[in-house]
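In UniProt numbering, the protein residues as written are 1 to 707. Cβ atoms here follow ideal geometry from the backbone N, Cα and C, with glycine treated the same way.
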Amino acid sequence: MGTVNLKLTMAIDYRIHLSAPTAAENALGFVSNGAVSDFAGSRSTGDIPMFSPEKLRRCLGDVLSKDAYSTVYSLKGYPHLAAKEIRPDDPHQYSVDAAELELVAFPHASYPDVLNCGKIIRDRNTAFIIMDRHCGDLQQLITNYREAHKPIPKRLVLSLVRDLANCLVYLHDPINGVHGSLFPGAILRPDNILFTENRKHIILLDFELCMGMSSWATKTGDPAYMAPETLLRNKASPASDVWSLGVIIYELVTLRRPDFLEGKDPKDVFVDGWRLDLSGITDGFIKSILERIFVLEPERRPTARGLVRLLQMLDTPPDEQEAKDKALRNRCASLEAALNDANNKILSLEKELAAKSAGADIPKEQFGETSKTLEKVKEIWMKIGMGDAWNATDTADTTDTTDTVDAIDTTDETDNIEDTEEEHLEEDDSTDLMKAVDRNDVEAVKTLIPLQGGMQMKGCTHVDRWKIYGGTALMRAAIYGHAELVGLLLEKEGGIRDNSGWTALIWAARTGHIDCLELLLEREGGMRDNNGGTALMATVGNGYSNCARRLLRKEICMQDNNGTTALMAAAGRGYADCVKLLMNKESRMQDSNGWTALMCAAELGRTDCVKLLVEMEGGMQRTDGMTALMWAAQNRHVDCVRLLVDKEAGMREKKGWTALMFAAQAGSVDCVKLLVREKNLRDNTGGDALCMAKLWGCHEIVSLLSN
C-alpha cells in the first residue's frame with residue numbers, strides 16, 4: 001500500500017448543553033421541529049438515493065458493528081452503502097437536531113479530499129446516517145501489527161499523521177465554512193478512522209454523543225482520547241483535536257494506548273508539572289512531535305497547520321526518506337569499495353616494503369599518500385555514523401564483506417508497503433564535473449567544463465543536506481557555497497532550472513551563500529520556479545537578511561502563483577529583520593485568498609512581526625472577511641491580540657463572526673478579556689459570543705461576558 005490519502009467524511013463531537021437549546025437555535029439560525037414524536041424527515045448532503053424512513057427500515061440488512069449508542073447496518077440492494085443508526089440515551093430532541101446541524105455545514109466543503117457524508121434521515125428520536133461502506137479501521141490495523149509482533153513502519157505512520165493533520169487544518173480553517181458549525185472539535189479515535197474497500201484511502205468518521213455533561217465520567221466515548229481541558233472543564237477547541245491526534249500517534253508507534261488516568265480522577269492526574277512518559281519511544285523525531293502535543297495548556301500545543309509545518313521542517317517527508325536512505329546506502333557502498341581498495345594497496349605496499357630494503361623502488365611518499373586516503377575514508381565513515389561498520393571491516397578479512405554489507409543495510413524488513421515513486425526514479429547520474437564540484441576540486445572543474453559544462457541530471461541526488469532533481473554542477477556549487485566554482489561554471493550553466501524550476505541563484509539564496517548569490521544575480525535575478533517563487537522569497541523564508549538586501553532591486557514586489565510575497569514568507573516565519581527590509585515596498589499586498597503579511601504573522605503568533613506591520617496593514621480583510629485579529633484570537637496568541645485589538649476590534653467576517661467569537665470558540669480566557677468590547681455584536685444569525693460560550697460550556701468565559 002502506498003502513501004495513504006485521507007478522505008474526510010465527517011468529524012463530529014456532540015458537545016451540546018441541554019440547558020441551552022435556545023442558544024443553539026439563535027446562534028446558528030436553526031428552526032427546530034421541536035419534540036414532535038411523529039416527525040420524520042431527511043436532509044441531503046450528497047447524491048445518495050433518497051430514502052423515506054419506512055423504506056430505509058425495510059432495506060436494513062446485517063449488523064456490521066454496534067456500540068452503546070449506535071448500530072451500523074448493511075443496506076439490501078446497495079452493497080456499497082451502509083446506514084448508521086444513532087440512538088441517544090436521552091430522549092431530548094436536540095441530540096438528533098445536532099447531527100443535522102453539523103451535516104448542514106459540510107456541503108460547503110471545497111477541500112479536494114473531502115467526501116460528503118450522504119444523508120441524515122430522522123425518525124422520531126433516532127437518526128440514520130447513510131454513508132459509504134468501509135472494510136476496516138485504523139484500530140484493526142494497529143491490532144494486526146500488534147498480534148504479528150511487528151512495529152508499524154515509520155513511513156506509514158508519518159503518512160497517516162500528515163494526512164490526519166491536513167484534515168484538521170481543513171476543519172479548523174474558517175474559510176471552509178465548517179468553523180461556524182455547532183461543534184468546535186472532534187474526538188479522534190483509531191476506530192473512527194476507517195479504510196475504504198481498496199484500503200488506499202481512509203475516512204474520518206466521528207459520532208461521539210458528548211451531550212454537555214458536567215462530569216467527565218458521564219461522557220460517552222473513551223477518555224483516553226480526550227484532552228485534559230475536555231475531561232476537567234468540558235471544554236473543547238481545535239487544540240483538543242490535536243491532543244486526540246497525539247494519542248493516535250502514540251498508539252501507532254507503541255501499538256498500545258496510553259493510560260493517562262490509570263483509574264484516577266482527571267483532576268488528580270493533570271496537575272502542574274504533568275508530563276507523559278515517552279521513554280518507550282525511541283524515534284527522536286516522533287518523540288519531539290509528541291512532546292509538543294502532550295502539554296496541559298492548549299495554547300502551547302501546535303495548531304494542526306503548525307503540525308503539518310513541523311512534519312515538513314523537522315524531518316524529511318516519508319516518501320523522500322526512502323530516496324535519502326537509498327542514497328546513503330549507495331554512498332556507503334562506494335566508501336566500502338574505496339576502503340577495501342585502500343586496504344589492499346596498503347597490504348601490498350607493506351609486503352613489498354618488508355621484502356625490499358628501505359627506500360628501494362617504492363617511495364615512502366606513495367605509502368604516506370595511501371595512508372592519508374585511508375584516514376580520510378575513515379573520517380567520512382565516522383561522520384555518517386558508520387563507525388561500527390568501519391571497525392568490522394578494519395578487523396575482518398578484506399575478501400569477505402558480508403558483515404560489512406549487513407551493517408550498512410538499514411532497510412526495515414517489516415516494511416512491506418508497495419514501492420513509492422522514489423524507488424522508480426532514475427539512478428544518480430551525476431557527471432564527473434558534478435562530482436568534482438562535490439570535492440571542491442578547482443583544477444578538475446576547469447578541465448571538465450569544456451567537456452561536460454551545461455549537462456543536467458535526469459535523476460536525483462543529495463547535495464549536502466538537500467535533495468535535488470535534474471540539477472547541474474553550478475547548482476551544486478551554489479548549494480555548497482563554492483564561490484570560485486560558481487564563477488567558473490556561470491557562463492556555461494547560468495539560467496538552467498532543475499525539475500522544480502529552481503535556479504542556482506535560488507539555491508544560493510535558500511542556503512544563504514551571499515558570495516555565490518552576488519555572482520549569480522545579474523544572470524538569474526528575477527527568474528521564478530515552477531510555483532512562481534523567487535530567490536528573494538527563498539532567502540527571507542530562512543532569515544538571510546543580508547542576501548535579501550542584495551536581491552531587492554531585482555525581485556521586490558514579485559508574487560508567486562498563489563500571490564504570496566516575500567514579505568508574507570518572512571512574516572510567517574517570524575524573521576523581523578527581513579520584514580523591516582520589505583515592509584515599505586510590499587505591505588498591503590494580498591494573495592489570491594486575501595492573505596496579508598500581518599495575517600501570516602498573527603496566525604502563527606509572530607509578535608515582533610505583528611508589531612512592525614500593524615500600522616501598515618491593520619484593518620485589512622481576507623476574501624472571506626477574516627482579519628489578523630481573528631486569526632490571532634482563534635489560535636490563542638494573546639500578545640498578538642493585544643497589539644491588534646485597537647486597530648481591528650469590531651470587524652466581522654462574512655458570516656458575521658467577530659474576533660471575540662473566535663476567542664470564545666478557542667476557549668482562550670485571556671483573549672476574551674482583551675476583546676470583551678465586542679460582546680454585544682451578533683453574527684448573521686443573531687447569535688452573540690455569550691450564546692456561543694454557553695453552548696460550548698465555557699463557564700469562565702460565560703461569567704466574563706455576563707457582567
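Quick one: grab the DSSP three-state call for residue i.
i              : result
isoleucine 514 : helix
aspartate 140  : According to the sequence shown, residue 140 is glutamine rather than aspartate. Of the three classes helix, strand and coil, the one that applies to glutamine 140 here is helix, per DSSP.
aspartate 265  : coil
threonine 126  : strand
threonine 461  : strand
alanine 666    : helix
isoleucine 468 : strand
threonine 71   : strand
arginine 550   : helix
threonine 447  : helix
asparagine 688 : Looking at the sequence itself, residue 688 is aspartate, so the reference to asparagine does not match. Strand at aspartate 688.
arginine 191   : Here residue 191 is aspartate; the residue named in the question, arginine, does not match the sequence. Aspartate 191: helix per DSSP, three-state reduction.
isoleucine 86  : strand
serine 430     : coil
methionine 475 : helix
proline 49     : coil
aspartate 438  : helix
lysine 66      : strand
glutamine 559  : strand
methionine 131 : strand
glycine 306    : helix
glycine 572    : helix
histidine 80   : strand
Measuring CA to CA, which of the options is closest to residue i?
i             : options                        : result
valine 669    : Asp529, His149, Ala693, Ile293 : Ala693
glutamate 586 : Thr564, Ile701, Leu138, Arg606 : Thr564
histidine 513 : Ala483, Gly525, Ile496         : Ala483
aspartate 560 : Met527, Arg573, Leu552         : Met527
arginine 292  : Pro266, Ile249, Cys600         : Ile249
leucine 604   : Leu310, Met50, Leu581          : Leu310
arginine 58   : Glu229, Ser65, Tyr78           : Tyr78
threonine 511 : Gly459, Cys547, Trp274         : Cys547
leucine 232   : Val247, Thr254, Leu261, Cys167 : Leu261
alanine 304   : Ser430, Tyr225, Ala227, Asp163 : Asp163
serine 545    : Asn531, Ala570, Thr534         : Ala570
valine 242    : Met455, Met226, Asp62, Thr254  : Met226
residue 723   : Ile286, Thr230, Asp591, Val271 : Because residue 723 is not part of the residues shown, which for the chain are 1 to 707, the question remains open.
glutamate 555 : Glu700, Arg636, Leu505         : Leu505
lysine 467    : Leu433, Glu443, Trp507, Gly487 : Trp507
glycine 280   : Phe128, Leu290, Gln621, Trp274 : Leu290
leucine 643   : Asp624, Met661, Gly618         : Gly618
alanine 167   : Leu188, Leu156, Lys150         : Before going on, a small fix: residue 167 reads as cysteine here, not alanine. Checked all of Leu188, Leu156, Lys150; the closest Cα to cysteine 167 is Leu188.
arginine 550  : Lys264, Asn531, Gly525         : Gly525
residue 725   : His80, Val676, Ile86           : No answer is possible for residue 725: the residues shown for the chain start at 1 and end at 707.
Is the CB-CB distance between residue i and residue j below 8 Å?
i              : j              : result
alanine 633    : alanine 597    : no
leucine 451    : alanine 436    : no
cysteine 609   : valine 579     : yes
glutamate 648  : methionine 626 : no
tryptophan 631 : methionine 599 : yes
methionine 457 : aspartate 429  : yes
leucine 56     : alanine 82     : no
For residue i, which residues of its own chain have a beta-carbon under 7 Å away from its beta-carbon, when the five flanking residues on both sides are left out?
i             : result
aspartate 464 : Ile479, Tyr480
glutamate 251 : Ile142, Pro190, Arg257
residue 769   : Residue 769 is absent from the structure shown; the chain starts at 1 and stops at 707.
valine 702    : Leu690, Ala693, Lys694
Are there 16 or more other CB atoms within 10 angstroms of the CB of residue i, so buried, or fewer, so exposed?
i             : result
alanine 148   : exposed
histidine 615 : For clarity, residue 615 is glutamate in the given sequence; the question names histidine instead. By the 10 Å Cβ count, glutamate 615 comes out exposed.
glycine 541   : buried
serine 244    : buried
valine 96     : Only weak support exists for where valine 96 lies, its pLDDT of 47 falling under 50; the value from the coordinates is given anyway. So valine 96 ends up on the buried side.
lysine 84     : buried
threonine 282 : exposed
valine 169    : buried
Under 6 Å Cβ to Cβ from residue i, same chain only, skipping five residues before and after it: list those, please.
i              : result
glycine 667    : Lys235, Ser237, Cys698
asparagine 684 : Lys655, Gly656
leucine 485    : Val437, Val445, Ala477
residue 723    : Because the chain spans 1 through 707 in this model, residue 723 falls outside it and cannot be assessed.
glycine 470    : Gln456, Met457, Asp498, Asn499
To which residues of the same chain is residue i closer than 8 Å at the C-beta, ignoring the five residues directly before and after it?
i              : result
methionine 583 : Leu567, Ala597, Leu612, Leu613, Met616
asparagine 680 : Asp688
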